[in-house]
Amino acid sequence: MFFRKIGKQTQEPRRIIIGDVHGNFHALLRLLNRVAPDSEDEVYFLGDLIDRGEQSLEVVDFVIKNNYQCLLGNHEYMLLKALTGKEVSEKWLNGWLESGGAATLLSYNNNIPTEHINWFQSLPAYLDLGDIWLVHAGLHPEYPLEQQTNERFCWIRNQFHRMTQPYFKDKLIITGHTLTFAFPDVKPGQLACGSGWLDIETGVYHPQSGWLTALDWTNQLVYQVQDQSKNCRTIPLEKAVVNLDIDKISRYCSQESSSKALNL
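In my numbering, the protein residues as written are 28 to 291.
(1) Among 54, 49, 36, which one has its Cα closest to the Cα of residue 257?
(2) Alpha carbon to alpha carbon, how far is residue 214 from residue 201? Give it in angstroms, no decimals.
(3) Which of the three DSSP states, helix, strand or coil, is assigned to residue 248?
(4) Could you have a look at residue 103 and say whether DSSP puts it in helix, strand or coil?
(5) Go through the stretch 64–103 residue by residue and report every complete run of the beta strand (DSSP E) that reaches 3 residues or more, in order.
(6) Around the Cβ of residue 133, are there at least 16 other Cβ atoms within 10 angstroms (buried) or fewer (exposed)?
(7) Report, in whole angstroms, the separation of the C-beta atoms of residue 242 and residue 264, which I expect to be a contact under 8 Å.
(8) Using only CA atoms, which one of 159, 60, 222, 204 lies nearest to residue 180?
(9) Whose CA, out of 68, 50, 127, 121, lies closest to the CA of residue 89?
(10) With 16 other CB atoms within 10 Å as the buried threshold, where does residue 56 fall?
(11) What are the boundary residues of the beta strand (DSSP E) that includes residue 206?
(12) Across the stretch 134–153 and the stretch 189–197, are there enough close Cβ pairs to call them in contact, namely three or more that are closer than 8 Å?
(13) Would you kindly check if the distance between the Cβ of residue 151 and the Cβ of residue 199 is under 8 Å?
(14) Short of 7 Å in beta carbon distance, which residues of its chain neighbour residue 207, apart from the five on each side in sequence? Order them along the chain.
(15) Taking a contact to mean a Cβ-Cβ separation below 8 Å, would you say residue 156 touches residue 41 in this structure?
(16) Taking the alpha-carbon positions, what's the residue 47 to residue 210 distance?
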């Protein structure tokens, strides 16, 4: 419905969407070396540039200096909740540090510059690009956009993935956030497609099974690299995607509703 077959690669500017980087700067550089975006291409990051990996500072600096567009992810959301506002929130600080924030603080030598904090605060929760709609985690299928919050856009899983009808009739929602291989029948590196949504979060921070993914939406190509093994590949989108069985996903989400993998 949303995918299309491409013959020769088009010469028009590409729209390139990159999943959760999580501080893996070298993997990001290798990925972009394969994708080779030029000044006419549009590059979008789905959020979660930071945490877990050792080079969050380098990743954020790189994205800012190249003027790439980036969404607010739940890890940037946690950082802001932990470090900004009238007073530091111990609850958010502890949660962030336990979720990979300690690695981010280490990369910044415990001193995140105001420029970067301001940049995190400026990140949009979603981007509407016409035929595709980018968001870090998803949205609630039962509420209009104006009634939804940044927290939901950054965190939701369960209700979003169990949608039986697309939220938008004319556009595909593209997300990161949830590991694709957390879903039934999806192998590491494969993308997961549900009712009106496509998840490209392939877990680069997992040493053996993780990949960092870039989707060239214009040419319907998937570029992937692994961090430690140095494997890399380029796959047609239609061959990289697993179309999920909605009934199976609903049962699985219900069973896993208390887990970190698929809970809201």
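Where is the CB? At the ideal position from N, CA and C, for every residue including glycine. Values in this document were obtained by computation on a predicted structure and should not be read as measured data.
Reading from the atomic positions:
(1) 54
(2) 19 Å
(3) Residue state, collapsed to three classes: strand.
(4) In the structure shown, residue 103 sits in a helix (DSSP, three-state: H, G or I).
(5) Counting only runs of 3 or more, we get 69–72.
(6) Answer is exposed; the Cβ neighbour count stays below 16.
(7) 7 Å
(8) 204
(9) For residue 89, the nearest C-alpha among the options comes from 50.
(10) exposed
(11) Counting along the chain, residue 206 falls outside any beta strand (DSSP E), and DSSP gives it neither H nor E.
(12) no
(13) no
(14) 213, 217, 218, 219, 226, 228, 229
(15) No, these two residues do not count as a Cβ contact at 8 Å.
(16) 17 Å
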